[in-house]
Amino acid sequence: MSEDLSSKYVLQTVGFDARFPNTNQTRNCFQNYTDYFKCITAKGEDFTPCKQFKKAYNSLCPSARIGKWDEQREAGTFPASLEP
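Numbered according to the numbering used here, the sequence shown spans residues 2 to 85.
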């Protein structure tokens, strides 16, 4: 049973962001993570532009880092404000 996976999945990465011109994308990762949670706080999870931030941080950030930040958010110890 051979299924063409290319028709099922589209692989993309985040485009260039002039705020982060260097090759190290750690700050870009962190900024997109915080922007996503600020956005959903202000506009709700169904607000389409917020989804771009989530897509970006999922592409840029290591999953272990996302997991750590999720735990910090839940514990109230995240090192940045997520208020819009």
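Ideal Cβ placement from N, Cα and C applies to all residues, glycine included.
C-alpha gap between residue i and residue j, whole angstroms
i	j	result
N33	E72	17 angstroms
V15	Y58	9 angstroms
R74	K44	19 angstroms
K55	T78	20 angstroms
T27	W70	13 angstroms
P63	E84	24 angstroms
T42	N29	20 angstroms
K39	K9	31 angstroms
T35	I67	11 angstroms
P50	S82	20 angstroms
S3	L61	Because the pLDDT at S3 is just 48, under 50, the model does not fix this residue reliably, and the value given afterwards should be weighed accordingly. Each residue's alpha carbon lies about 31 angstroms from the other.
Continuous alpha helix (DSSP H) stretch holding residue i: start and end
i	result
T24	Premise fails: T24 is in no alpha helix (DSSP H) and is neither H nor E.
Local conformation of residue i per DSSP, three classes
i	result
C51	helix
Q13	coil
Q73	helix
L61	helix
T35	helix
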